[in-house]
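So the sequence shown is numbered by my numbering: it starts at 821 and just counts up by one.
Where is the CB? At the ideal position from N, CA and C, for every residue including glycine.
Structure first, commentary second.
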Amino acid sequence: MGTGSAVVLLHSSACDRRMWDPQWHDLIDAGYRVVRCDFRGYGETPVPDQPNNDAQDVLELLDELGIERAAVVGASYGGRVALELAARWPERVSTLALLSAGSPLHPSTDELDAFDEQEEALVDAGDLDGAVELNVRTWLGPDADEEARELVRAMQRHAYDVQLAAEEEFDQLEAEFELSAVAARTLIVTGKYDMGYFNDVAQDLADRLTDARLVHLPWGGHLPSLERPKEISALLVDFLRG
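If you want it as structure tokens, here you go:
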């Protein structure tokens, strides 16, 4: 929606495209054409029926919509996908905003591995409510209100329901790329209350990318766009306008 230059919003793996509800409207009001999608197995997009690559899927979506060049905003896993998109097809990404982004080039940590193991154990035991609450506790900082927490509960539970109902699970197709290929002006956002892994990734990306601005949020958790929506909307609009 909208008629200005294109902005693509890519969601966290604990969420779906609904996480961008506040920014969606704010960016349209600021004059941008806003595109948001669900990765395969999230929201209204079915699970993949063969191995796929999410960055390639986003590129194909841009092609289908006739968008030659776009600003890309990604949160957490969506930031990882945005980073891959900007590195593999730098001519298609004008600006890049990474909110608590992951990186395939940064090794995991004991803290992140422990979360993954705990989530897997809860899911394997059939305790999906417990797994949902683990995600809510882990990924939302202290400034998130109950409405934000309920939205994450709904999005995460829906993702479990869709993905666990699949007859077969397919891995992502991995692509090799170099961060040095990223040409886009980049905003990197990290939060005080996020896992150390994501703070480390943010600093690493700020050091590696040639045109990057690092913003540390003293109030932020892992999903700042849901914790203080208006502040993140204003930060994004200011960045996009240069």
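CA nearest to the CA of residue i, picked from the options
{"i": "leucine 830", "options": "Leu903, Arg969 and Gly894", "result": "Gly894"}
{"i": "alanine 1026", "options": "Tyr862, Glu1047, Ser923 and Thr958", "result": "Ser923"}
{"i": "leucine 1029", "options": "Trp1039, Gly1011 and Val1002", "result": "Val1002"}
{"i": "glutamate 939", "options": "Arg838, Phe990 and Ala834", "result": "Ala834"}
{"i": "alanine 1032", "options": "Glu966, Leu903, Glu988 and Glu864", "result": "Leu903"}
{"i": "glutamate 864", "options": "Tyr980, Val827 and Leu948", "result": "Tyr980"}
{"i": "alanine 1061", "options": "Glu888, Ser832 and Tyr852", "result": "The residue you asked about is not alanine; residue 1061 is arginine in the sequence shown. Among Glu888, Ser832 and Tyr852, the Cα nearest to that of arginine 1061 is on Tyr852."}
{"i": "phenylalanine 990", "options": "Asp836, Leu948, Asp936 and Gln870", "result": "Gln870"}
{"i": "tyrosine 916", "options": "Asp965, Arg889 and Glu988", "result": "Position check: residue 916 holds leucine in this sequence, whereas tyrosine was assumed. Comparing Cα-Cα distances from leucine 916 to each of Asp965, Arg889 and Glu988, the minimum goes to Arg889."}
{"i": "arginine 973", "options": "Asp836, Ala826 and Phe935", "result": "Asp836"}
{"i": "alanine 934", "options": "Leu925, His926, Ala1054 and Leu954", "result": "Leu954"}
{"i": "phenylalanine 1059", "options": "Lys1050, His926 and Arg1005", "result": "Arg1005"}
{"i": "alanine 986", "options": "Ser928, Gly861 and Leu885", "result": "Gly861"}
{"i": "valine 878", "options": "Cys857, Asp936 and Gln1023", "result": "Cys857"}
{"i": "glutamate 967", "options": "Ile887, Asp883 and Pro1049", "result": "Pro1049"}
{"i": "phenylalanine 859", "options": "Asn1019, Asp846 and Glu880", "result": "Glu880"}
Rounded Cβ spacing between residue i and residue j (contact assumed at less than 8 Å)
{"i": "glycine 950", "j": "leucine 942", "result": "5 Å"}
{"i": "valine 913", "j": "valine 892", "result": "5 Å"}
{"i": "leucine 919", "j": "glycine 899", "result": "6 Å"}
{"i": "isoleucine 1052", "j": "glutamine 876", "result": "Rounded, the Cβ-Cβ distance is 27 Å, inconsistent with contact."}
{"i": "valine 1009", "j": "leucine 971", "result": "With a Cβ gap of about 20 Å, valine 1009 and leucine 971 do not count as contacting."}
{"i": "glutamate 931", "j": "methionine 839", "result": "The pair is not a contact, with the Cβ atoms about 23 Å apart (cut-off 8 Å)."}
{"i": "valine 901", "j": "aspartate 874", "result": "5 Å"}
{"i": "valine 952", "j": "arginine 977", "result": "5 Å"}
{"i": "valine 1021", "j": "alanine 921", "result": "6 Å"}
{"i": "tyrosine 1017", "j": "glycine 1040", "result": "Not a contact, Cβ separation roughly 15 Å."}
{"i": "threonine 1035", "j": "leucine 1056", "result": "The sequence given here has valine at residue 1035, not threonine. Contact doesn't hold; Cβ gap of about 11 Å is too wide."}
{"i": "serine 896", "j": "serine 832", "result": "4 Å"}
{"i": "asparagine 872", "j": "glutamine 983", "result": "No, asparagine 872 and glutamine 983 are not in contact; Cβ-Cβ is about 14 Å, not under 8 Å."}
{"i": "aspartate 926", "j": "aspartate 841", "result": "Aspartate is not the amino acid found at residue 926; the sequence shown has histidine there. That pair is no contact at about 29 Å."}
{"i": "alanine 826", "j": "isoleucine 887", "result": "5 Å"}
Strand pairing of residue i, partner residues [DSSP]
{"i": "histidine 1036", "result": "Thr1010"}
{"i": "threonine 915", "result": "Arg1005"}
{"i": "valine 827", "result": "Val854 and Ala891"}
{"i": "asparagine 873", "result": "BP columns for asparagine 873 are empty, so no partner."}
Within-7 Å CB hit, residue i to chain C
{"i": "leucine 1037", "result": "Note that chain C does not occur in the displayed structure, where there is just one protein chain."}
Item to check | Continuous beta strand (DSSP E) assignments of at least 3 residues falling wholly in the region 918 to 1000 | outcome: none
Next on the checklist: Three Cβ pairs or more, each shorter than 8 Å: is that satisfied between the region 900 to 911 and the region 995 to 1014?
Outcome noted: yes
Next on the checklist: Does the region 959 to 978 come into contact with the region 1042 to 1049, if we say contact requires no fewer than three beta-carbon pairs (one atom in each stretch) closer than 8 Å?
Outcome noted: yes
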